[in-house]
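Trainee:
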Amino acid sequence: MPNRNRIVVVDADAGVLDHLTVMLEEAGFRVTTATDTGQGFIQAAVLKPVLMILDLRLACVNGEAVLLRHLRSAYRLQSMPIIVLTTLDPLKVVGIVPLDPLIQVMLKPPQRERLLGAIRTLLPAIPDMR
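Going by the numbering used here, the sequence shown opens with residue 106, and the numbers climb by one from there.
#1: Report the CB separation of Pro207 from Thr191 in whole angstroms; it is logged as a contact under 8 angstroms.
#2: Within its chain, find whatever has a CB closer than 7 angstroms to the CB of Lys197; leave out the 5 residues flanking it on each side and keep chain order.
#3: Please name the residue in Leu125, Asp160, Pro214 whose C-alpha comes closest to that of Gly275.
#4: Would you report the Cα separation of Leu125 and Phe134, rounded to the nearest angstrom?
#5: At the level of alpha carbons, what is the spacing between Ala150 and Ile224?
#6: Could you have a look at Met211 and say whether DSSP puts it in helix, strand or coil?
#7: Can you name, in chain order, every residue of its own chain whose Cβ lies under 7 angstroms from the Cβ of Leu228, other than the five neighbours on each side?
#8: Check each candidate in Asp194, Pro214, Val189 and name the one with the smallest Cα separation from Asp205.
#9: Report the rounded CA-to-CA distance for Thr138 versus Leu193, giving the unit in angstroms.
#10: Taking the straight line between their C-alpha atoms, what separation do you get for Val202 and Leu220?
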């Protein structure tokens with residue numbers, strides 16, 4: 106069972122991690138961060154967050170979204186929503202990020218309202234956030 110308010114954020118940039126942590130904690134979430142995909146995968150498997158936010162550069166190996174595929178193949182993480190952050194034009198990630206209603210792609214850095222709106226869309230059962 107997912108950890109109701111836990112979000113795991115995976116990004117190699119400490120500034121991005123700090124910014125997203127503050128934004129999400131102000132919205133009532135408990136945030137755990139990771140600076141690499143191995144750490145992020147382990148935290149997701151152990152903590153069972155309601156959602157993961159992931160930098161696309163860290164999710165890819167040779168142009169393939171390897172971590173996304175691993176997350177989807179892990180039994181307990183198959184239905185975990187994921188927000189993928191990228192500095193690339195979202196149209197360029199179409200062939201990289203799998204088509205999945207539980208995955209949303211957003212430009213980096215995300216604006217607060219857009220990020221919280223995406224979270225609301227992916228987690229409709231969560232009550233109104235600030």
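Where is the CB? At the ideal position from N, CA and C, for every residue including glycine.
Mentor: According to the data block:
#1: For this step, residue 207 is matched to residue 102 along the sequence shown. For this step, residue 191 is matched to residue 86 along the sequence shown. The amino acid at residue 207 is misidentified as Pro; the sequence shows Leu. Going by Cβ atoms, the distance from Leu207 to Thr191 rounds to 17 angstroms, so no, they are not a contact pair.
#2: As a first step, residue 197 must be located in the sequence shown, where it is residue number 92. The answer is none, since no qualifying residue turns up.
#3: Nothing about residue 275 can be reported from this structure: the residues present for the chain run from 106 to 235 only.
#4: Counted from its first residue, the sequence shown places residue 125 at position 20. Counted from its first residue, the sequence shown places residue 134 at position 29. In this structure, the alpha-carbon of Leu125 lies about 11 angstroms from that of Phe134.
#5: Along the sequence shown, one-based indexing puts residue 150 at 45. Along the sequence shown, one-based indexing puts residue 224 at 119. Straight-line Cα distance between these residues: approximately 20 angstroms.
#6: Indexing the sequence shown from 1 puts residue 211 at position 106. Met211: strand per DSSP, three-state reduction.
#7: By 1-based counting over the sequence shown, the position of residue 228 is 123. The beta carbon of Leu228 is closer than 7 angstroms to those of Val155, Leu156, Pro186 in its chain, skipping five residues each way along the sequence.
#8: Position 100 of the sequence shown, counted from the first residue, corresponds to residue 205. Ranking Asp194, Pro214, Val189 by Cα distance to Asp205 puts Val189 first.
#9: Locating residue 138 in the sequence shown gives position 33, where the first residue counts as 1. Locating residue 193 in the sequence shown gives position 88, where the first residue counts as 1. Near 22 angstroms, if we compare the C-alpha coordinates of Leu193 and Thr138.
#10: Residue 202 sits at position 97 when you count from the first residue of the sequence shown. Residue 220 sits at position 115 when you count from the first residue of the sequence shown. Between the alpha carbons of Val202 and Leu220 lies a distance of about 18 angstroms.
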